[in-house]
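Numbering (full-length UniProt numbering), first residue to last: 1 to 99.
#1: Could you have a look at residue 74 and say whether DSSP puts it in helix, strand or coil?
#2: Can you look up residue 29 in the DSSP assignment and give me helix, strand or coil?
#3: Give me the Cβ distance between residue 89 and residue 53, rounded to the nearest whole Å; I'm assuming they're in contact under 8 angstroms.
#4: Would you mind reading off the limits of the alpha helix (DSSP H) that contains residue 58?
#5: Hey, out of 22, 30, 16, whose CA is closest to residue 72's CA?
#6: Could you spell out where the alpha helix (DSSP H) holding residue 41 opens and where it closes?
#7: To the nearest angstrom, report how far apart residue 37 and residue 74 are at their CA atoms.
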């Protein structure tokens, strides 16, 4: 049986995958709404990242630097069900790729 990533790591990986996609799309002005206050805080204050999340947060910050304008904010899960479902799927896929 495969082990799922912890939720916070899954949320961070979901953001990283979204950032890769948006950078690849050539957009320059973007708004990210996340349903994980922890991930928003980590990206806005990366020094608080744990060892497990440090590399993912660093990769996110690197990709964010490609945008002319980028904002990131927290929204309640019921207001952003797509982000929640994407993070759950990302967590499952990342776990499968490790095996």
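Glycine included, every Cβ here is placed at the ideal spot set by N, Cα and C.
Per the coordinate set shown:
#1: As a working note, residue 74 is residue 74 in the chain shown. Strand at residue 74.
#2: Locating residue 29 in the chain shown gives position 29, where the first residue counts as 1. DSSP places residue 29 in strand when its eight states are reduced to three.
#3: Translated into positions along the chain shown, residue 89 becomes position 89. Translated into positions along the chain shown, residue 53 becomes position 53. At roughly 19 angstroms, the Cβ-Cβ gap does not stay under 8 angstroms, so residue 89 and residue 53 are not in contact.
#4: Looking up residue 58 in the chain shown gives position 58. Segment 51-64, the alpha helix (DSSP H) holding residue 58.
#5: Here residue 72 refers to the residue found at position 72 when the chain shown is read from its first residue. Nearest C-alpha to residue 72: 30.
#6: In the chain shown, the residue the question calls residue 41 occupies position 41. Unbroken alpha helix (DSSP H) run through residue 41: 37-44.
#7: Within the chain shown, residue 37 is the residue found at index 37, counting from 1. Within the chain shown, residue 74 is the residue found at index 74, counting from 1. C-alpha separation (whole angstroms): 6 angstroms.
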